[in-house]
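Down below is the structure, laid out as structure tokens.
Protein chains in written order, with the numbering used here: chain V, 11 to 313; chain B, 3 to 270.
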């Protein structure tokens with residue numbers, strides 16, 4: 011630590027924990043770009059579909075494979091049209107909503123399941139711990155993508171089915187981390203004290219342990235979203251995603267895949283969305299991890 | 003349309019009319035005898051079909067491992083040794099990009115650029131060396147970034163150790179410091195990562211093989227899923243999982259050789 015860095019560290023040391031974390035988090039321009047991109051995605055996902063001309067989503071075979079405007083096509087279709095003459099920009103906006111919905115809900119399912127299992131296994135130990143950790147080890151031994159594919163094939167192409175499958179195949183890595191944090195916290199004085207004054211396990215878990223494991227949860231789920239987006243895109247790409255007319259980014263690439271010779275844009279743009287959002291969520295996850303680390307100086311020193 | 007008779011005949015032929023627990027026990031019993039059932043689509047034993055295709059996947063997987071090891075370790079060692087330099091920073095940007103690109107998207111873009119536009123490589127299928135190039139790049143991209151990241155951070159850790167300073171202090175040439183003192187200790191975490199990543203390589207093969215029409219077990223599994231060939235799906239998932247578990251075990255056993263401080267219990 012250079013003297014200048016130490017000075018900055020001391021400057022943020024006396025802030026309240028959340029203020030300090032936020033300041034570190036918000037310090038770099040990279041964070042703001044990523045947050046900006048995610049915000050734009052969220053706004054797009056929440057826009058009502060009436061904003062779009064109805065002709066954009068209609069199948070119109072005459073207009074198939076129109077060049078995107080940026081590659082010299084007409085300005086009526088900024089990103090061109092697909093093999094059925096549907097506007098790609100419109101389809102992208104439509105698929106953003108569904109992709110984010112699936113990714114968000116699936117991450118929520120695995121975060122909840124992973125946190126509960128991790129808390130129980132780390133706090134009660136004994137038999138519960140053995141059972142949970144056996145499950146976790148078994149699940150982590152499986153090649154996740156194959157397991158998801160096989161389960162989706164068995165459950166069928168329904169939206170709730172897809173979300174649940176993505177959720178229950180992803181909780182194991184949360185449990186691992188949450189369990190180890192809970193284990194180390196269980197021996198700390200404030201938990202012992204809560205036990206000593208007669209606190210019930212549920213009360214101790216929710217009021218004393220949960221607030222202290224928020225940071226790994228936030229970090230894991232930010233990184234988890236990008237994993238779910240990737241896995242979901244593979245499933246949809248292979249044709250096992252939500253059934254038409256519902257569409258996700260991966261599904262659009264799957265559609266465009268057969269026309270690589272004549273219309274590269276129908277696969278290129280949806281992939282760009284996947285790439286950008288995974289990049290942003292990965293990056294944000296890393297920065298969140300740094301912001302929650304009490305000794306971080308990198309971002310503060312940069313501002 | 004299938005008549006009710008045909009349906010019930012199919013069900014009894016594949017044993018689907020038996021209680022679930024009996025079906026499960028007979029599946030387990032079959033595994034113990036090396037029998038994974040019969041594919042519905044091909045009407046052939048699952049194991050035979052699997053063994054027919056497994057060499058193609060092994061070829062692709064080994065090629066990807068080779069590229070990842072050579073590129074990942076050399077770039078990682080450099081990046082860690084010259085941490086903070088411009089090249090190191092560009093390598094780290096590439097790593098960020100490599101970790102965010104979905105494998106199938108990378109494969110498709112490679113096809114558009116190098117197969118459709120430039121016509122340097124074929125778009126798919128298995129054949130000579132030229133057929134292997136694009137699928138290998140696709141499959142190894144993610145693995146390379148993982149190896150690179152770990153090599154880099156391990157390298158930085160090791161270079162701060164006392165014994166490196168000692169080696170430099172007693173006048174060992176810098177090349178030997180890197181090779182003999184630093185690199186050997188960097189190898190241990192890398193071997194771990196390579197073992198853990200076998201999972202990623204095998205699932206990555208599923209996607210890569212589909213994009214490049216590579217006739218391996220990944221494509222076989224995807225086709226089985228798309229045609230709802232359930233004996234085939236469960237057989238493939240079972241064997242691939244076994245492969246991953248055994249690879250990880252093999253890596254655990256290798257520690258003893260790489261790091262004499264670690265003894266596998268029972269060994270002397």
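For glycine and all other residues, C-beta sits at the position ideal for the given N, C-alpha and C.
- At least one beta carbon of chain B lies nearer than 8 angstroms to the beta carbon of residue 281 of chain V.
- Residue contact with chain B for residue 204 of chain V: absent (no Cβ-Cβ distance below 8 angstroms to any residue of chain B).
- For residue 177 of chain B, the secondary structure class from DSSP, reduced to helix, strand or coil, is helix.
- Cβ proximity to chain B below 7 angstroms picks out nothing from the stretch 116-148 of chain V.
- For the stretch 152-167 of chain V, the residues whose beta carbon sits under 9 angstroms from a beta carbon of chain B are, in order, 152, 153, 154, 155, 156, 157, 159, 160, 162, 163 and 164.
- Residue 87 of chain V and residue 283 of chain V have their C-alpha atoms some 18 angstroms from each other.
- In the three-state reduction of the DSSP assignment, residue 254 of chain B falls in the helix class.
- Taking the Cα of residue 60 of chain V as reference, the smallest distance to any Cα among V:100, V:170 and V:123 is reached at V:100.
- For residue 25 of chain B, the enclosing alpha helix (DSSP H) covers residues 22-34.
- Residues 162 and 165 of the same chain have their beta carbon placed closer than 8 angstroms to that of residue 171 of chain V, with the five preceding and five following residues left out of the count.
- Among the residues facing chain V, residue 235 of chain B is included, as its CB has a counterpart in that chain under 8 angstroms away.
- Near chain B, meaning a CB-to-CB distance below 9 angstroms, no residue of the stretch 166-194 of chain V qualifies.
- Neighbours of residue 201 of chain B in chain V, taken as residues at a C-beta separation under 7 angstroms, are given in chain order as 153.
- For residue 261 of chain V, the closest Cβ of chain B is not nearer than 8 angstroms.
- Residue 153 of chain B sits in a helix when the DSSP states are folded into three classes.
- Taking C-beta atoms as the reference points, residue 105 of chain V and residue 261 of chain V count as a pair closer than 8 angstroms.
- Between the alpha carbons of residue 179 of chain V and residue 245 of chain V lies a distance of about 14 angstroms.
- Residue 241 of chain V is not bridged by DSSP to any residue.
- No residue range can be given for residue 152 of chain V, since it is assigned to no alpha helix (DSSP H) and is classified by DSSP as neither H nor E.
- Excluding the 5 residues flanking it on each side, residue 169 of chain V has same chain C-beta neighbours closer than 6 angstroms at 252, in chain order.
- For chain V, the residues of the stretch 97-113 of chain B that bring a beta carbon within less than 9 angstroms of one of its beta carbons are 98, 99, 101, 102, 103, 104, 105, 106, 107, 108, 110, 111 and 113, in chain order.
- Residue 228 of chain B has a beta carbon lying within less than 8 angstroms of a beta carbon in chain V.
- A straight line joining the alpha-carbon of residue 94 of chain B with that of residue 59 of chain B spans about 30 angstroms.
- Taking a cut-off of 8 angstroms for Cβ pairs, the stretch 143-163 of chain B and the stretch 238-246 of chain B do not touch, as fewer than three such pairs fall below it.
- A straight line joining the alpha-carbon of residue 224 of chain B with that of residue 158 of chain V spans about 12 angstroms.
- A Cβ-Cβ separation of about 4 angstroms places residue 146 of chain V in contact with residue 182 of chain V under the 8 angstroms criterion.
- Below the 7 angstroms Cβ cutoff, chain V contributes 153 and 156 as neighbours of residue 242 of chain B, in chain order.
- Less than 8 angstroms divides the Cβ of residue 17 of chain B from the Cβ of residue 25 of chain B.
- Contact note: residue 146 of chain B does not reach chain V at a C-beta cutoff of 9 angstroms; the least C-beta distance is about 16 angstroms.
- When DSSP states are grouped into helix, strand and coil, residue 205 of chain V belongs to the helix group.
- For residue 120 of chain B, no CB of chain V lies under 8 angstroms from its own CB, so it is not counted at the interface with that chain.
- Annotated as distal: residue 292 of chain V and residue 243 of chain V, with beta-carbon spacing of 8 angstroms or more.
- Selection B:36, B:55 and B:233 evaluated against residue 215 of chain B yields B:55 as nearest (Cα-Cα).
- In the three-state reduction of the DSSP assignment, residue 47 of chain B falls in the strand class.
- A distance below 8 angstroms separates the beta carbons of residue 54 of chain V and residue 103 of chain V.
- Taking each of V:288, V:120, V:156 and V:198 in turn and checking the Cα distance to residue 250 of chain V, the smallest one comes out for V:156.
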